[in-house]
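Note sheet for the following structure.
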Amino acid sequence: MDFCLLFVSNPKEHDSIHAPTIDKLLSTFHRWDNIPGGSQEQQNVTKELLVGCDSIDWQVDELDKAISVAARDPAWYGINEVELDKRRRWTSTARTQVGNVKKTVVAGKKLDSTSTADVNGMRRELMRLPNSHQTEKSNHHASQDNDDFISSESDRQLLLIK
1 MDFCLLFVSN PKEHDSIHAP TIDKLLSTFH RWDNIPGGSQ EQQNVTKELL
51 VGCDSIDWQV DELDKAISVA ARDPAWYGIN EVELDKRRRW TSTARTQVGN
101 VKKTVVAGKK LDSTSTADVN GMRRELMRLP NSHQTEKSNH HASQDNDDFI
151 SSESDRQLLL IK
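Counted from 1, the sequence shown has number 135 at position 135 by UniProt numbering; the numbering is strictly sequential.
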């Protein structure tokens with residue numbers, strides 16, 4: 001749990017460790033999406049995706065536990081409620097992305113014989129992320145989220161350049 005508490009108290013550490021894990025899963029998913037159905041390669045990548053989804057689900061569960069611990073005494077961890085909410089949103093989004101990948105892969109396995117257009121339409125539908133929290137926020141909060149995202153992406157790009 002100590003590693004997960006690091007996520008709560010150090011956003012830079014979180015971005016450099018967990019974002020690439022999800023990026024890799026999404027990259028593998030896009031590769032899976034372009035593999036001909038029923039091939040041995042697709043079966044192998046399907047297994048890889050399902051294992052990756054389970055692993056990330058476990059990690060996100062652990063991060064949620066760490067957030068709950070930190071929420072009991074935010075000052076002890078040097079974090080405020082805004083940061084806790086940001087991390088809760090991140091874990092929620094990560095859980096949604098992983099869940100959508102898993103649903104799509106499982107549905108793709110079951111529907112290998114379905115027409116390509118139907119499967120692709122279903123995949124697009126499943127990969128949509130909910131925007132429910134966006135509509136409830138004021139413009140100030142949305143602006144802050146955008147700034148946080150831009151800062152996070154900038155940090156990631158700097159790490160990639162190094």
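Glycine included, C-beta positions come from ideal geometry on N, C-alpha and C. Remember, it's a predicted structure, so these values are computed and weren't measured experimentally.
Please confirm whether residue 102 and residue 50 have their CB atoms less than 9 Å apart. Position 102 of the sequence shown, counted from the start, is the residue given in the question as residue 102. Position 50 of the sequence shown, counted from the start, is the residue given in the question as residue 50. A contact, by the Cβ cut-off of 9 Å.
Just the Cα atoms here: how many angstroms apart are residue 133 and residue 47? Here the question's residue 133 lines up with position 133 in the sequence shown. Here the question's residue 47 lines up with position 47 in the sequence shown. Its pLDDT being 45, under 50, residue 133 is placed unreliably in this model, and the coordinates cannot settle the point.
Could you round the C-beta distance between residue 60 and residue 94 to whole angstroms and report it? I think they count as a contact, below 8 Å. Here residue 60 refers to the residue found at position 60 of the sequence shown. Here residue 94 refers to the residue found at position 94 of the sequence shown. That pair is a contact at about 5 Å.
Cβ shell of residue 91 (< 6 Å), same chain only, five flanking positions each side left out: As a first step, residue 91 is located in the sequence shown; it is residue number 91 there, counting from the start. If we look at residue 91 and ignore the five residues flanking it on each side, its Cβ neighbours are 60, 63, 64.
In chain order, what residues of the same chain have a beta carbon less than 7 Å from the beta carbon of residue 84, not counting five sequence neighbours either side? Counting from one through the sequence shown, the residue named residue 84 turns up at place 84. Once the five neighbours on either side are set aside, the close Cβ partners of residue 84 are 67, 70, 71, 74.
Contact defined as beta carbons within less than 8 Å: I believe residue 36 pairs with residue 43. What is the distance between those atoms, to the nearest angstrom? The count along the sequence shown starts at 1 and reaches residue 36 at position 36. The count along the sequence shown starts at 1 and reaches residue 43 at position 43. About 11 Å separates the two Cβ atoms, so there is no contact after all.
For residue 108, count neighbouring Cβ atoms within 10 angstroms of its own Cβ and tell me buried if that reaches 16, exposed if not. Numbered from its first residue, the sequence shown carries residue 108 at position 108. Here residue 108 is buried, its C-beta having at least 16 other C-beta atoms within 10 Å.
Can you tell me whether DSSP reads residue 36 as helix, strand or coil? Here residue 36 refers to the residue found at position 36 of the sequence shown. If DSSP states are grouped into helix, strand and coil, residue 36 belongs with coil.
Return the CA-CA distance between residue 56 and residue 23, expressed in angstroms with no decimal places. For the purposes of this step, residue 56 is taken as residue 56 along the sequence shown, with counting starting at 1. For the purposes of this step, residue 23 is taken as residue 23 along the sequence shown, with counting starting at 1. Whole-angstrom Cα-Cα distance: 11 Å.
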